[in-house]
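Sequence order for the protein chains is P and W. Take 35 as the starting number for the first sequence in the working numbering and just add one per residue. Take 12 as the starting number for the second sequence in the working numbering and just add one per residue.
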Amino acid sequence: MSRFASRLRKQALRFGRRAKSLALYIFLPVLLIAVWQGLYETGAVQALLLPPPSAIAATGWDLSISGELARHLGISLLRVLEGFALAALLGVVLGVGLGLSRPLDRATDLLIQLIKPIPPIAWIPLTILWFGIGEEGKVFIIFLGAFFPILVNTMDGIRQTDVKFVELARVLETSRLRFIAKVVLPGALPSIMTGMRVGMMVAWMCVVAAELIAASSGVGFLIMDARQMMQTDRVFVGMIAIGAIGKLLDVVLKKIERRLIRWKGAFQ
Amino acid sequence: MSGAVTTGADIRIEGLCKTFGEGRRAAKVLRNVSLTVPAGSIACVVGQSGCGKSTFLRVLAGLETTYDGSVLLGKQPLHGPGLDRGVVFQEHRLLPWLTVEQNVAFALKGLSRYETRRCVMRCLKRVGLGSCARQYPYLLSGGMAQRVAIARALVNQPKILLLDEPFGALDALTKLQMQQEILALWEQEKTTLVLVTHDIDEAVFLADRIVVMAPGGAQTVKETIDVALPRPRDRNAAAFIALRKEILSFLFDQEKKLRRKA
Ligand SMILES: Nc1ncnc2c1ncn2[C@@H]1O[C@H](COP(=O)(O)OP(=O)(O)O)[C@@H](O)[C@H]1O
Ligand SMILES: [Mg+2]
């Protein structure tokens with residue numbers, strides 16, 4: 035009986051801890067919303083410049099019900115996935131190649147260092163010239179944004195192969211191919227996944243940027259279009275959706291990462 | 012590990028010298044090491060840390076490519092790394108992303124999947140870890156991880172087993188257990204065993220021949236002592252204690268000499 039009671043107490047304690055942690059997690063956003071709504075109620079700010087959370091929520095609801103928000107988000111998401119898939123494929127393949135070969139790395143290093151700092155947005159003018167304002171251009175911008183983080187992190191991961199494992203492979207006369215497959219690549223996986231997550235974030239930012247400038251659909255276009263109509267609440271709905279989707283994408287990638295890197299016991 | 016008698020190879024070392032670096036920076040780590048380890052016997056290398064024990068073992072493992080002198084393994088001159096030697100490092104060096112079973116299988120090549128699994132499981136059972144085959148290394152205790160490393164070193168049935176302070180990082184009790192276990196394995200496998208340790212007790216318990224090393228002087232190996240005590244050895248026997256004392260005081264003397272010179 036007392037064992038049951040103690041188990042109950044333990045569960046209550048755990049529940050309490052979780053609730054506290056959750057409260058801490060959402061405290062700031064909730065506070066922000068409350069203050070924001072308060073500002074509106076006191077008439078301190080103009081609704082046209084800063085619409086209250088209540089109005090934004092109502093507009094968000096309308097846009098969701100009509101399917102307009104989902105349509106724009108879907109289009110943006112599709113572009114991101116296309117560009118990201120391309121970047122992930124090329125970034126990992128090239129990163130592994132460059133990480134394994136010193137001469138290849140040396141030969142490409144300067145070029146990569148020069149192109150990497152150019153922000154994807156600076157490519158937009160060229161992209162419009164080359165691709166027009168069609169889909170290819172946007173996918174290209176996204177690709178550019180996601181490619182470098184994935185490339186660089188993959189190379190880093192490959193190069194960080196532990197010398198101790200190199201020695202082990204020598205002692206065991208492991209073939210080079212097997213060494214790469216069983217030691218180098220799995221060892222680089224955490225770093226590659228970091229690159230993927232950063233790349234995904236950049237890709238998501240890039241799609242919005244690209245759509246702000248040249249698009250007739252997508253969540254970036256939704257925002258720009260609303261600004262021209264002075265529909266500030268729609269601007270906010272679009273922005274919040276962008277943040278939410280970005281967070282969601284990261285959560286998904288983190289889940290995949292955890293699944294792939296199970297062997298790192300303390301990985302939480 | 013077919014159960015049939017796999018005989019170890021003897022090791023004959025003649026005038027082995029190993030220097031790191033060049034010119035004024037050159038560090039003579041191994042000086043004029045001459046030593047024979049009979050086939051199927053256990054040699055323990057003892058000495059304070061930094062005296063070149065690991066370097067010595069790395070030469071035998073084929074990891075150091077430049078050295079002077081001659082090393083014969085069986086009838087073959089030493090030539091690079093090879094599967095005729097199994098190596099256990101001080102840390103287990105298990106690949107963290109492979110399960111225990113996969114880690115041992117990593118040492119095997121050219122076998123069918125079925126054969127591989129059979130070999131691996133037999134080796135794991137031999138070190139008492141048959142039930143941990145599917146675990147990842149992070150779940151293993153230090154002693155268990157080192158047992159897996161030993162299984163990995165044994166899976167190719169090496170003629171010579173080289174161990175570099177394999178129990179150095181283990182707690183006292185596990186260490187004693189592992190010493191018993193390595194003896195049992197050696198009695199089954201009949202390999203030649205070279206074990207580096209800084210633990211004199213361990214050396215006296217295990218060795219047929221103890222090789223005492225110390226830095227400096229014209230020769231790195233200061234003395235080789237043949238241990239004739241019958242196995243299993245009693246750590247409390249008078250002869251055991253006397254031998255341990257002798258080696259310890261010898262090492263202290265060496266250290267004093269070295270300090271006087273410096
Ligand atoms: N790769 C290396 N380059 C230069 N010096 C080394 C190298 N490896 C070992 N040494 C030196 O050789 C000496 C002996 O090292 P080691 O064989 O590891 O000693 P032990 O295993 O007995 O502690 C040390 O002084 C160490 O600094
Ligand atoms: Mg050492």
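A virtual CB, placed ideally from N, CA and C, is assigned to each residue, including glycine.
Less than 8 Å separating the Cβ of residue i from some heavy atom of ligand 2?
| i | result |
| --- | --- |
| SER60(W) | yes |
| VAL222(W) | no |
| GLN190(W) | no |
| VAL207(W) | yes |
| GLN101(W) | yes |
Count the other CB atoms, across all protein chains shown, that sit within 10 Å of the CB of residue i; report buried if there are 16 or more and exposed otherwise.
| i | result |
| --- | --- |
| SER152(W) | exposed |
| MET230(P) | buried |
| SER36(P) | exposed |
| GLY133(P) | buried |
| THR76(W) | exposed |
| GLU200(W) | buried |
| SER55(P) | exposed |
| PHE263(W) | exposed |
| MET189(W) | buried |
| ARG99(P) | Checking the displayed sequence, the identity of residue 99(P) turns out to be Ile instead of Arg. When all chains shown are included, ILE99(P) counts as exposed. |
| GLU266(W) | exposed |
| ARG158(W) | buried |
| SER65(W) | buried |
| MET263(P) | exposed |
| PHE10(W) | Because chain W in this structure spans residues 12 to 273, residue 10(W) falls outside the shown range and cannot be described. |
| PRO86(P) | buried |
| VAL16(W) | In this prediction, VAL16(W) has a pLDDT of 49, which is less than 50 and means its spatial position is unreliable; nothing more can be read from the coordinates. |
| ASN167(W) | buried |
| PHE182(P) | buried |
| ARG96(W) | buried |
| TYR147(W) | buried |
| THR76(P) | exposed |
| ARG145(W) | exposed |
| ALA53(P) | exposed |
For a test of your reading of the model: does the CB of residue i fall under 8 Å from any non-hydrogen atom of ligand 1? Yes or no.
| i | result |
| --- | --- |
| VAL44(W) | no |
| GLY10(W) | What the structure shows of chain W is the stretch from 12 to 273, and residue 10(W) is not part of that stretch, so it cannot be assessed. |
| LYS64(W) | yes |
| ASP175(W) | yes |
| ALA180(W) | no |
| ALA253(W) | no |
| GLY91(W) | no |
| ALA72(W) | no |
| GLY296(W) | As shown, chain W starts at 12 and ends at 273. That puts residue 296(W) outside it, with no answer to give. |
| ALA237(P) | no |
| ALA273(W) | no |
| PHE67(W) | yes |
| VAL40(W) | yes |
Handout entry: Stretch-stretch touch, CB-based, cutoff 8 Å, three pairs: the segment 85-93 of chain W with the segment 113-121 of chain W
Key = no
Exercise for the section: Using a Cβ-Cβ cut-off of less than 8 Å, give me the residues of the segment 183-203 of chain P that come near chain W, in sequence order. Expected result: LYS198, PHE199, GLU201, LEU202
Practice task
Pull out every residue of the segment 116-131 of chain W whose Cβ sits closer than 8 Å to any Cβ of chain P, in chain order.
Solution key: PHE117, ALA118, LYS120
Problem - Contact the segment 55-62 of chain W vs the segment 213-230 of chain W: 3+ CB pairs below 8 Å - result: yes
Problem - chain P contacts from the segment 144-160 of chain W (Cβ-Cβ distance under 7 Å) - result: TYR147, TYR149, LEU150
Problem - Against chain P: residues of the segment 85-101 of chain W by CB proximity under 9 Å - result: GLY91, PRO92, GLY93, LEU94, ARG96, GLY97, VAL98, PHE100
Problem - Any 3 or more C-beta pairs closer than 8 Å across the segment 63-74 of chain W and the segment 233-244 of chain W - result: no
Problem - Cβ contact check for the segment 181-191 of chain P and the segment 222-229 of chain P: 3 or more pairs under 8 Å - result: yes
Problem - Segment contact flag, the segment 235-252 of chain P with the segment 260-270 of chain P, C-beta cutoff 8 Å, min 3 pairs - result: no
Problem - Inter-stretch contact (C-beta, 8 Å, three-pair minimum) for the segment 73-92 of chain P and the segment 201-219 of chain P - result: no
Exercise for the section: Quick one: which residues of the segment 229-254 of chain P get their C-beta closer than 7 Å to a C-beta of chain W? List them in chain order. Expected result: none
Exercise for the section: Would you be able to state if there are at least three C-beta pairs under 8 Å between the segment 197-207 of chain P and the segment 140-149 of chain P? Expected result: no
Exercise for the section: Select from the segment 64-75 of chain W all residues with a C-beta closer than 8 Å to any C-beta belonging to chain P, and list them in chain order. Expected result: ALA72, GLY73, LEU74
Practice task
Could you tell me whether the segment 284-302 of chain P touches the segment 87-106 of chain P, where touching means 3 or more Cβ pairs closer than 8 Å?
Solution key: no
Practice task
Decide if the segment 24-40 of chain W is in contact with the segment 179-197 of chain W; the criterion is three or more beta carbon pairs, one per stretch, under 8 Å apart.
Solution key: no
Practice task
Could you list the residues in the segment 267-301 of chain P with a C-beta less than 9 Å from some C-beta on chain W, going in chain order?
Solution key: ILE295, ARG296, TRP297, LYS298, GLY299, ALA300
Handout entry: Members of the segment 202-218 of chain P near chain W, C-beta cut-off 8 Å
Key = LEU202, ARG204, VAL205, LEU206, GLU207, THR208, SER209, ARG212, LYS216, VAL217
Exercise for the section: Please list the residues of the segment 203-234 of chain W that have a C-beta atom closer than 7 Å to any C-beta atom in chain P, keeping them in chain order. Expected result: none
Practice task
Check whether the segment 132-143 of chain W touches the segment 286-297 of chain P, counting contact only when three or more Cβ pairs, one atom from each stretch, lie closer than 8 Å.
Solution key: no
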